[in-house]
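Data first, discussion second: the structure below is written as structure tokens.
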Amino acid sequence: MSSTIVNSTVIERPRPETTSRSKKRHCSSFLGTRASAIEEEKTKRLQKVVKSTQYEEDLHKEQLKYEAKRMELVVIQIANAKEKKALIELKKQQSSKELHKLRLAKFKNEC
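Right under this line is the structure:
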């Protein structure tokens, strides 16, 4: 507080701030907000990195699941092909047995 004497009356008024003080106050306020803005930006970037990393991990898991299902289908297809081949082979054997029986019956009839 500064006081001024006017007509033998003391008038007290608040002390005016010097320009350097107000600049310091303003600068520190600005720097504080700037620092917090930089920190917020850093946290946002880190969150984006974490999200993209999580997305990549999830995508990789989904790809692994897809590959596993695909491999299962391949195994099933191979099993089906083997089964089909075995059935064809069995039919060939049965038809050759039946053919043999027919030939035998024909031969017996001729004799």
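The numbering of the sequence shown is UniProt numbering, which starts it at 1 and goes up by one. Ideal Cβ positions, reconstructed from N, Cα and C, are used throughout, including at glycine.
To the nearest angstrom, how far is it from the Cα of residue i to the Cα of residue j?
| i | j | result |
| --- | --- | --- |
| residue 38 | residue 60 | 33 angstroms |
| residue 96 | residue 88 | 12 angstroms |
| residue 47 | residue 54 | 10 angstroms |
| residue 90 | residue 70 | 30 angstroms |
| residue 64 | residue 49 | 22 angstroms |
| residue 42 | residue 56 | 21 angstroms |
| residue 117 | residue 66 | Outside the displayed range of the chain (1 to 111) lies residue 117, so it cannot be described from this structure. |
| residue 100 | residue 74 | 38 angstroms |
| residue 86 | residue 94 | 12 angstroms |
| residue 102 | residue 79 | 34 angstroms |
| residue 51 | residue 84 | 49 angstroms |
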